[in-house]
Structures are given as C-alpha cells and as structure tokens.
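The structure appears below as structure tokens.
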Amino acid sequence: MTVTRSAARSGALIAASSGLLATAFAPSAHAVMGDGSNRLASKELAAAPAVQVATDAKLNIESKAVKVTPAPEPEAVIEAVTRPEPEAVAEAATEEVEPATPDYASDGSIGAQAVAIAMQYIGIAYTYGGESPGSGFDCSGLIKYVYAQLGVDLPHSSSSMVATGYQVASPIPGDIVWTQGHVSLYAGEGMVVEAANYGTPVRHTAQWQDYAVYIRPY
Numbered sequence: 012m013t014v015t016r017s018a019a020r021s022g023a024l025i026a027a028s029s030g031l032l033a034t035a036f037a038p039s040a041h042a043v044m045g046d047g048s049n050r051l052a053s054k055e056l057a058a059a060p061a062v063q064v065a066t067d068a069k070l071n072i073e074s075k076a077v078k079v080t081p082a083p084e085p086e087a088v089i090e091a092v093t094r095p096e097p098e099a100v101a102e103a104a105t106e107e108v109e110p111a112t113p114d115y116a117s118d119g120s121i122g123a124q125a126v127a128i129a130m131q132y133i134g135i136a137y138t139y140g141g142e143s144p145g146s147g148f149d150c151s152g153l154i155k156y157v158y159a160q161l162g163v164d165l166p167h168s169s170s171s172m173v174a175t176g177y178q179v180a181s182p183i184p185g186d187i188v189w190t191q192g193h194v195s196l197y198a199g200e201g202m203v204v205e206a207a208n209y210g211t212p213v214r215h216t217a218q219w220q221d222y223a224v225y226i227r228p229y
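Residue numbers for the sequence shown follow my numbering, beginning at 12 and rising by one.
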C-alpha cells in the first residue's frame, strides 16, 4: 500500500504500509496553529513531492553491542591462626605444678635450721595428734618433729612445751610462740610456721597470737 503526504519546503514525510508513520521537518517547519493563516497554499501542497515506500521495505537500525565487564570478585581474606604444636599442648597438660615454698635463708643456728626444716612441710594436712609428714601434724607435733631432726627432744603437748628451755623477751627464728592451747614456730619478721587447725594445712603466715610467750627450746 502507498501512502502520500505533503511536506513543507525542505521537509519530507515517510509513510509505510505497515502503519509506521515517520515525518522529517526542516528547522523552519512548524505546526499549524491559530486561525489557519499559516497553512500552506493548495498549490504548494500539490507541488510537494510524493514518496513511495515498498510494502516489503525493512528499516535497518544498527546498534553496537554493549559489553559489560563484571566487577572483580573480592579477594578472600585469610587470617593466619597460630596453633600450638600438639606436643606442646600435651606437655602443658601433663606438667605437674608444685606448691610454692617461701624462701628462707638460715644463718646456721639451731633455731634457723628448725625454721628451714619446718618450711619443707608447708601444705601438709592438719591431723590431731599427728607428728610426722606421713600422718600429718598438729601444732605441737610439727614443732616436736622439726626439733627432733636437730637432736632436741620436745614433748608432744603445747601445755608441756611452755616448761621447756627458757623464756625470752624478744623472739628470734626458731623460738616457740606459745599461747594457751596453741604453739607455732617463729620464722622472723613477724611470721610463723604452724599447723593451726582442721582444714588448714601447715602454713607460713603472719603471727596472729596476742600476748604470746616466747620460748627458746635449746
């Protein structure tokens, strides 16, 4: 089917039988508006060239393919984790922790030697009537055992220990700190070694006995 339309001066109108209508106008062309005074004369319309379009005409539109480059994948962040060697873990698990024993420097005197011996038994359980590391210690049993290692024989009784040796005004390491019902071994600098009571093992602690009597047993 052939479609004919008018074009203004330098404009051109293209009509296709497929129903697609395309019009090209020159820059001077304008739409017909107002009272019609602007319309083209009939002779101008008659002189306008007619454009014929074949029914099987095809409109080729060239377009370039757009290539999209995907964003790069984020690099995986791998954190280095330092793991201990299995052998080191096994050794740490099987390592035995020994109880800490306070340091004590003996001056070689009998009393200082007694304190040094007593410090070896810190942590031994309290046992009423005990007087050896194997059975445990009570307060007088600890002091009796310690001085026995030095050849000094003492009774296993706090009330009897007050009558041994002689009393002194100021204690030195190795002196017995006596109060009614309890004895401990003076270790110097206000500290004592003692087997205090049930549930408390032999310990090195600050002297807590008030109005004590100090006895030197040798």
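Ideal Cβ positions, reconstructed from N, Cα and C, are used throughout, including at glycine.
In this text, all values refer to a predicted model and were calculated from it rather than measured experimentally.
If you follow the alpha helix (DSSP H) that residue i is in, where does it begin and where does it stop?
i    : result
A311 : No statement about residue 311 is possible, as the shown extent of the chain runs from 12 to 229 and does not include it.
I154 : 150-159
L168 : In the sequence under discussion, the amino acid at residue 168 is Ser, which differs from the Leu named in the question. It is not in any alpha helix (DSSP H) - S168 carries neither H nor E in the DSSP assignment.
Within 10 angstroms of its Cβ, does residue i collect 16 or more other Cβ (buried), or is it exposed?
i    : result
G201 : exposed
W189 : buried
D186 : buried
G141 : buried
A174 : exposed
V126 : buried
V213 : buried
Y139 : exposed
Y137 : buried
P38  : Because the pLDDT of P38 is 43, which lies under 50, any placement of that residue in the model is unreliable, and the number read from its coordinates should be weighed accordingly. Flag for P38 reads exposed.
A129 : buried
Can you name the residues that DSSP bridges to residue i?
i    : result
Q178 : I226
V216 : A quick correction: the sequence has Thr, not Val, at residue 216. In the DSSP output, where bridge partners are listed per residue, T216 has V203.
S143 : G147
Y209 : Answer is none; Y209 lacks a bridge partner.
Pick from the options: whose alpha carbon is nearest that of residue i?
i    : options                : result
S181 : R214, R227, A217       : R227
L161 : V179, A123, G134       : A123
Q131 : G119, T138, Y139, V157 : V157
I133 : Y229, H215, W219       : H215
V179 : G119, I128, Y229, S120 : Y229
Output the boundary residues of the beta strand (DSSP E) element that contains residue i.
i    : result
V188 : 187-190
V173 : Where V173 is concerned, there is no enclosing beta strand (DSSP E), given that its DSSP letter is neither H nor E.
G134 : Where G134 is concerned, there is no enclosing beta strand (DSSP E), given that its DSSP letter is neither H nor E.
Please indicate yes or no: does the CB of residue i lie closer than 8 Å to some heavy atom of the ligand NAP?
i    : result
G141 : Absence of the ligand NAP from the depicted structure is noted, as is the absence of any ligand whatsoever, leaving it without description.
At least three beta-carbon pairs within less than 8 Å, the segment 151-167 to the segment 205-219 = yes
When the Cβ atoms of the segment 209-225 are set against those of the segment 191-199, are three or more pairs found closer than 8 Å?
-> yes
Using 8 Å as the threshold, is the segment 136-151 in touch with the segment 161-177, meaning 3 or more CB pairs across them?
-> yes
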